[in-house]
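What follows is a short report on a single structure.
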Amino acid sequence: MAEHPTASWQAMQDGSVFYRQQRLYTLDGKLPSLGDCVVAGCRNGGPLALMRDTKKMIAIGPATPMFAKSQIQVYSPSGEGLLLLSWEQAKIICFGWTGDERLVILNEEGVYRLYDLQGDYVGITDARIHDNGLVAMTGSLQLLEVKGWQGGRPLALANPNLSEPPTVWTLIPPDLTISRHVEVLLSVEASVLSVDNLEAVDQRLSRGPFTHMAPSPNGKSLALLTMSGMLWVVSTDFQRNLAEFDTVSAGAEGPVKQVEWCGNDAILVTWDALVLLVGPFGDTLQYYYSGPTFAVTEVDGVRVIAADACDFIQKVPASSVSVFRPGSTSPSAILFDAWENFNNRSPKADENIRSIKLDLAAAVDEVIDAAGQEWESAWQRKLLSAANFGKSFLDLYNPTDFVNMGKTLKVLHAVRQFEVGIPLTLFQYNYLSPSHLISRLTSRNLHLLALHVSSFLSLLPDNVLKHWASAKITKSKHVVSGTGKDTEMLGDEEVSKAIVEKFEKLGGATVSYAEVAKKAWEVGRTRLATMLLDHELRASDQVPLLLMMKEDRLALQKAVDSGDTDLVYHVLLQLYNRLPLGAFFRLIEDGGSSLAPASRLLQVYAKEQNPEMLRDFYYSDDRRVESAVLSLEEAGRMKATAKLTSIKAAQKFFSEDKERSFEAKMMDEYSRLLAFQQTLEKESTDKIEFFGLSVDETIKKCLLSGMTKRADKLKSDFKVPDKRYWYIKLHAFTATRDFEGLEAFSRSKRSPIGYEAFVRHLVEKGHPKVAVSYVQRCDSNKRIDLYVECGEWVMAGKECKERGDRARLEKLRSSCPNSLIARELDQISSTMN
Amino acid sequence: MTTSTPPNSDQRRETVDVSILREIARNSLVHALNSVNGAKTLVLDPSLAGPLSLVTEVSLLQQHGIDKMFWLESGPLSAVTTSIVYLCRPRIKWMKIIADQIRRHSAESQKHTYTLFLVPRTSALITRVLEEEGVLGDITISSYNLQFIPIADDVVSLENSEAFKEIWVDGDETSVYDSSQALHTLQKLFGLFPRIIGKGDHAGRLADLLTRQTTQRASVDQDGLLDISDTFDSLIVIDRRVDMITPLLTQLTYEGLIDEIVHIKNSHIEVPASLLNAPSNPNQAASGSGSTSAAPAPVLVQDKKRKHHLSASTDPIFSELQDLNFASVGKRLNKAARRLDEDYRARHQASVSQLRDFVGKLGGLQAEHRALQLHTGLSEIIMPVTRSEVFNKSLEIQQNLLASYDVPGQITAVEDLIAQGAEMQVVIRLLCLASITAGGIKGKTLENIKKEVLQAYGYSYLPLLLALGSPPLAILLPNPLPSSAPAAVSGAKYPYASLRKSLRLLIDGNESLEELENDISYVYSGYAPISIRLVQCVTQKGGVLSNPAKSKEGATEEDGKKGKSTFLGPTQAHPIVGFKGFEDVVESITGRTFDITQRGAAATNGVSTTLHSAWKERTTTTVVFFLGGCTYTEIAALRWAGCQTQGRKFLIATTGMVSGGSMIESIAGVGRAAGTSKEASL
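Which chain is which? The protein sequence lines are E and V, in order. Counting along the first sequence from 1, when you hit position 586 you're at 586 in UniProt numbering, and nothing is skipped either side. Counting along the second sequence from 1, when you hit position 66 you're at 66 in UniProt numbering, and nothing is skipped either side.
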């Protein structure tokens, strides 16, 4: 029987708040001496990374195997060794953990590498690492930020203008600041500088310099330790003073090792032999450890690792306090009491239940939650039974929470086992999400457990399967190598079959094969990679790998099939870089119609960005028409003689294609026109611009500038039909208001466009009086309307009379604009017989 | 006129709520902007200003740190803030401008941080171009996924005006892919389309991408397979190539004509400022609506132009007018004016309590009044154009070509139009129309008229003519085809003559416009758009065969003395069964025909049968997607078709709003002018 939960409780603030220390695992010397190491702990029950602290002298003894060369060791909280990394590159500046439990190692050259728990790397003077990025300090005391772990480019933060390195510095992760951008705090002289990507603000403090700085897990408060050992807590905007405490009074020896937060409202200060918990009102609790310790801040507490044990210190959750607090009369405590009485067959049980009848539902909820907060399964069981007992007195109670808590505890219990060694609390589990837990399990190669957990929680098993397959490929590598080609092929088929079978059985059709195939390719098993890739449905995953494998045509084909033009560009541009131009063109041309979309995309790109390449492309493919159009389009952007040259080139291309004699002729005309326009400009001593106009526009401009002869020459040179020529002249004469010229022109011969056009155009341009003279020359049946358009109502009336159209006259009369005209029309009408 | 109920009545509007799409667009914009710290300068792609103004407003941008906005255009950029944010579509020309500006800044040793948001997604091409320009290291590239934007309660659009040109001239299928992504977003919101039906090669490609995505996305998104939608009954995809005739015709509805003449850009029009100012004297504007002589128009044109958002949801008069044939617009305006006048007059003979009611209504009246003023003004701009010779001539040519009457004569008429100096796009539209309806233009004639076009408008239009004459477009062809023509061209002949009969495209001339109102041909004064007839082949088979209102008329007369109310109301929608009954007709048009049934997560046979039994009671929505754009007139036609059936609504989705003119001009590469001021606005 485990001891009562309250046995580990310690009171603070006059007994109203409790803290408890939970021994998670006993370590008994599984870890090297923490005092000689630099340690980084991953939040949420994650592992520890240790490296020898090169600044310290060490007595070489039997327990120090890791000091031969630069090595980083990774241990689970239960002290199980997870990984041993050897580091052969430049000096390690800093290492830390990402949110998804990968180890980040940053060396002095500014290179960082990411390691998962398999020790495979995916991926200055000092750095700070948070879950989703890092901030590094360069030798010149500038700050660089790297966002995310996908190889993002470092961005410079505002220059803090430091003259010497800060005594201590820290950062607040972007998701915890108000601006949602990372904020760096530097302790400089007596003050603190806060730096983000826009500015560096001096907070004007006077109590520094500080030896330790730690932001709380929610980013709202900051713990500072002064040189004189004064612990000072302020809000991160430095507006509010939250607490002060003199650590010297604790009476510990030596310097303070760590200042860490325990949840969001207490601070843990550690010395070599003492761990001191400072509450928000300056109350303290002391924990003694033999030897050095290392503390890892968690969202709901703090994990302390010492030589002999791994402990968890947290504020006792409200629900546990409510149930177990001595003398508690809360409904949940009474419920628990009732259940115990019931078990003891005491009639008090009924009495208890009755007394809390109204609050029973809340009490059940609280007891369920309290179960989740307990570490010992015996107590979890008790609390859940109590909840179940209470539940039975309720008519309508939604049991979802109860069931979920049972499931969750089962999962937590499984991963808390020391073999796995992930001491997650319920709060952390909810904070992280179950899928995150699964990926933690897979990264420890605990595939079976991960699979069980994911099916237990009905999550998709994809990630587990992918990770398993990758691991399988890596492991099987050694078995087959060196035993001849046949066995290797056999091995490939076997592995591929095993993977495909497993995927189809467990994952349905939705599992992605590309990642697994990539893994196979990375370990040099191209054949296996191809086999696996065939099962991949998503082109966007397939194509990059195919490119890597130099399966150029296949990659391009798959990209085209996907319909994703960006993917096609991706392939095209990569191939263009890698292949000789001839081979590149041949690849596209040989593809025929199936690669036609790629060919057209290449043209779209090249037309604007790389016309030289396009010209070569058309030339190599004998595409005369396209070449010609390209020249023609280029001509559009050119001036003067260069334009003429381009047009001539276009003409030549067209003439090489028998089908395009019309186009060639047109281009010939075009170049003739341009040449003609150049002479026109010379004649007008460059005063009038002609170059680039169309034939009609040129004629019109000639007419407008009085170069009538030239206009006539253009007409005959370009065989402009009479009709068009007449319209141009009509428009030009009207525009220059040369009505006499127009009159003479109209009489030069019978108009091929009739005279109605004259009337309409003149009216439209606002010369109705001039237009009238042309009405007589129009067809007689249109004259009435045309007169009306000219505004000559009386003449229209007379026309009616001439035609004897009384009805029409009446209509005119009814629609005429004023009475004067009406009277005149009446008069006309009266003279009609 | 008793039969016509404008389709704008309330029942049309209750389709699925698309405003959620606007919310999504807004939120992701805010998210994107917040990812850049502090005050920032926004440099905006002018082609995005319109779409953005439909989802957000300047104040929202200011709230999220936008200090100043500039158009993305060549030339130096002077920004006071450290952060500069570029927001643009992934076009190479923009990248060159951006690179130039960054280089300038570094030459002047100005320190800025640059962030580039690409719409709708980042692109390997852009990374490459920026790399070649040598500025990739200075800029952070991210994306702003702007997909469907609601431009009316029943219309969502990607607002990409270049889609048609990109797909059918450049062969760049990016917009097909983007469309499939956007449609998938719709599916994520409302469930899977139970059935995807469509016509056209690129439409087929889109359907393939969409179905493939549905199966693949499931595992990536971790949210498993989507369920079959219960709001959607199907998705109909029509690609623009299937019906090239419709956009080539002049649009004759009110909104369509505004687009043809004033040009609607992203639901905004530029009109003389005087039309938008508050009215000075209420009675004056109202009385002006009847007489529309040509006189006032020239005066108006010289005014300063202002942008106005045309929206049926805020403008009751527009919602009444937008889908009407322009011939009936004057009458409607008059009626609205008179009604408004009466409302105003009511105040003179009112008791105190009535007066209070009146004052309460005043705000609404004034808004209506302003709207009335705008629309009378617009009609006055449109009217002279519709009376011009070129306009009427081209209408006449269109009607004749549709009836296949005297084709050579029409070509000659087009020649006359060229001589008269008609707009290039008008001429090209007519030529293409002639070529499609008549199966090509006689070789010699075609060459001759091409020569005239080139001489009149400039030889630089030769690439346009070549593009129109070659596959995949092939809408300006000689007849007979030269023997060397590729198979793609010779096989693509459009069966116009047989479609005219089988789809009842032309309505006899002796029916008056009012009788037509119940048939979709109303919108083109006697021609039913092929695209909408194809939609009807799926959703309203009866409407294709005969005028639904007419058959009703017969029925009611027998019924007895119902008198004048001949229109009995809409008929019940039939279930979606693909092109059944019209397979041969649809097959005769080139391009893929497809009909895909999608299976959702919970798809079992049991479920689908219950769906069918519950058919009668539910109102479902049919999504009609136009790949390559649709015209305002087609939307109007679809709305008319929609109000003839009960139990089915249409949600129209498109890559963008087009007109024949805008299509031709985008192929020719002549852009319509954008904003002129240096400082950007929405």
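Every residue, glycine too, gets a C-beta built ideally from N, C-alpha and C. None of the values given here were measured: they were computed from a predicted structure.
For E:T236, the three-state secondary structure derived from DSSP is coil. Residue pairing by DSSP places E:P580 in no beta bridge whatsoever. Exclusion of the five residues before and after E:S476 leaves G491 and V495 as the residues of its chain whose Cβ lies within less than 7 Å of its Cβ.
In this structure, E:V523 sits away from E:A469, with a CB-CB distance that is not shorter than 7 Å.
For chain E, the residues of the stretch 422–455 of chain V that bring a beta carbon within less than 8 Å of one of its beta carbons are E447, K450, K451, E452, L454 and Q455, in chain order. Proximity of the stretch 239–255 of chain E to the stretch 193–205 of chain E falls short of the contact definition, fewer than three beta-carbon pairs being nearer than 8 Å.
Under the three-state reduction of DSSP, E:P544 is assigned to helix. Look at E:R624: its C-beta is not under 7 Å from any C-beta on chain V.
Annotated three-state conformation of E:N159 is coil, per DSSP.
Partner residues in a beta bridge of V:N27, as assigned by DSSP, do not exist. Assigned with DSSP and collapsed to three states, V:I428 falls in helix.
Looking at the DSSP output, E:E244 sits in a beta bridge with E:W232. Each residue's CA atom was taken as its position, placing E:V39 and E:M51 some 7 Å apart.
A direct Cα-Cα distance of roughly 9 Å separates V:V80 from V:K68. Distance between E:M230 and E:T236, taken at the CA atoms: about 18 Å. For the 7 Å CB-CB criterion, E:L224 and E:F210 form a contact. Nearest to V:S659 by alpha-carbon distance, out of V:L33, V:L87, V:E173 and V:E255, is V:E255.
Annotation: the stretch 419–446 of chain E contains the following complete segments of the alpha helix (DSSP H) (minimum length 4 residues), in chain order: 426–432 and 434–443.
Note on E:K798: 16 or more other CB atoms within 10 angstroms of its CB, so buried under the neighbour-count rule. Assignment of V:I507 by DSSP, reduced to helix, strand and coil, places it in the coil class. Around E:N343, no beta-carbon contact reaches into chain V at under 8 Å, the shortest distance being about 44 Å. DSSP places V:S234 outside any alpha helix (DSSP H); the residue lies instead in the beta strand (DSSP E), whose first and last residues are F232 to D239. For the stretch 378–395 of chain V, the beta-carbon criterion of a distance under 9 Å to any beta-carbon of chain E is satisfied by S388 and E389.
When the five nearest sequence neighbours on each side are left out, the beta carbons in the same chain lying within less than 8 Å of the beta carbon of E:Q73 are those of P32, A49, L50, M51, M66, G81, L83, L84 and L85, in order along the chain. Between E:V516 and chain V, the shortest Cβ-Cβ separation is not below 7 Å. Separation of the CB atoms of E:L176 and E:G219 is rounded to 3 Å, and the pair is thereby assigned contact status at 8 Å. Of V:R240, V:L651 and V:T655, the smallest CA-CA separation from V:D153 is found for V:L651. For V:I20, no CB of chain E lies under 7 Å from its own CB, so it is not counted at the interface with that chain. Residue contact with chain E for V:I98: absent (no Cβ-Cβ distance below 7 Å to any residue of chain E).
Listed along the chain, the chain E residues whose CB falls inside 8 Å of the CB of V:S123 are D566 and Y569. Within the stretch 662–673 of chain E, F662, E663, M666, M667, E669, Y670 and L673 place their CB atoms closer than 8 Å to a CB of chain V, listed in sequence order.
Nearest in C-alpha terms to E:F733, of all of E:S562, E:S705 and E:V233, is E:S705.
Apart from sequence neighbours up to five positions away, the residues of its chain that approach V:I151 with a beta-carbon distance below 6 Å are S157 and S267, ordered along the chain. Proximity of V:D170 to chain E, defined by a Cβ-Cβ separation below 7 Å, is satisfied. Counting the other CB atoms within 10 Å of its CB gives E:R20 a total of 16 or more, which places it among the buried residues. If you draw a 10 Å sphere on the C-beta of V:D259, you find 16 or more other C-beta atoms in it, and that means buried.
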